[in-house]
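For reference, the structure is listed below as structure tokens.
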Amino acid sequence: MENIKATPYPIYEIYKGLERYFGLFTREESIWSLCRYIVGLLADIARK
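Residue 12 in my numbering sits at position 5 of the sequence shown, and the numbers go up by one each step.
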């Protein structure tokens with residue numbers, strides 16, 4: 008995934024970056040993995 012920049016709309020930037028992979032996250036376990044990944048990205052953006 009390309010670099011995500013700190014913007015006023017980080018959720019949208021993350022969504023656009025991960026959109027092509029959404030088909031991989033169909034099982035419940037995979038959905039929680041995706042959620043943890045997104046939370047981690049948001050935490051990294053806040054630190055930068």
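C-beta: ideal position from N, C-alpha, C; glycine also. Here the structure is a predicted model, which means the values were calculated and not measured.
{"Item": "In whole angstroms, give me the CA-to-CA distance for alanine 50 and arginine 43.", "Value": "11 Å"}
{"Item": "Does DSSP put arginine 34 in a helix, a strand or coil?", "Value": "coil"}
{"Item": "Leaving out five residues on either side along the sequence, give the residues of the same chain with a beta carbon under 6 Å from the beta carbon of isoleucine 38.", "Value": "Phe32"}
{"Item": "Between proline 15 and isoleucine 52, how many whole angstroms is the CB-CB distance? I'm expecting something under 8 Å.", "Value": "At roughly 11 Å, the Cβ-Cβ gap does not stay under 8 Å, so proline 15 and isoleucine 52 are not in contact."}
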